[in-house]
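Read in order, the letters of the sequence shown correspond to residues 343 to 436 in my numbering.
Data block below; observations after.
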Amino acid sequence: MNTMILNRETSTYWEQVKNASQQVKLALISMLSASLVMPQNEAVTSVSSEKLHITREDLEITPFVSSLGQGLKPLPEDFDYDKAKQEYLMQKYG
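So this is what it looks like as C-alpha cells:
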C-alpha cells in the first residue's frame, strides 16, 4: 500500500519535470540528494537569499588601508599602460 501511494505522489512530480533539460534534471538531483544529507540546507538558503545592503560603516576606510598608498608617487600623464603591461608579462612569463 505504501509503495502505491509513493508511486502516485512521485508520478505527479515526474509529470512536472519529465520534459525539463538534462541540466535542470541534474540540478534537481543534486538538490534532492543534498536535502537528504543536510535537511537543514533549505532553511539556510532561504535565510541567505535575503537582499544584502551596504551601510556607511561598510564603506569606511580604516587608518591602515588609507596609509597604504601614502608613499606612492603618481604616474606621469604620458605613462604607457600597454607598454608596462607587455614588459611585465614578458618578465613574468618570458
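Cβ coordinates follow ideal geometry from the N, Cα and C atoms, glycine included.
Taken through DSSP and simplified to helix, strand or coil, Thr397 comes out as coil. In this model, Thr352 and His395 are separated by some 40 Å (Cα to Cα). DSSP, reduced to helix, strand and coil, places Leu431 within a helical segment of the structure shown. Shown here for Thr404: not one same chain residue has a beta carbon closer than 7 Å to its own, the five before and five after excluded.
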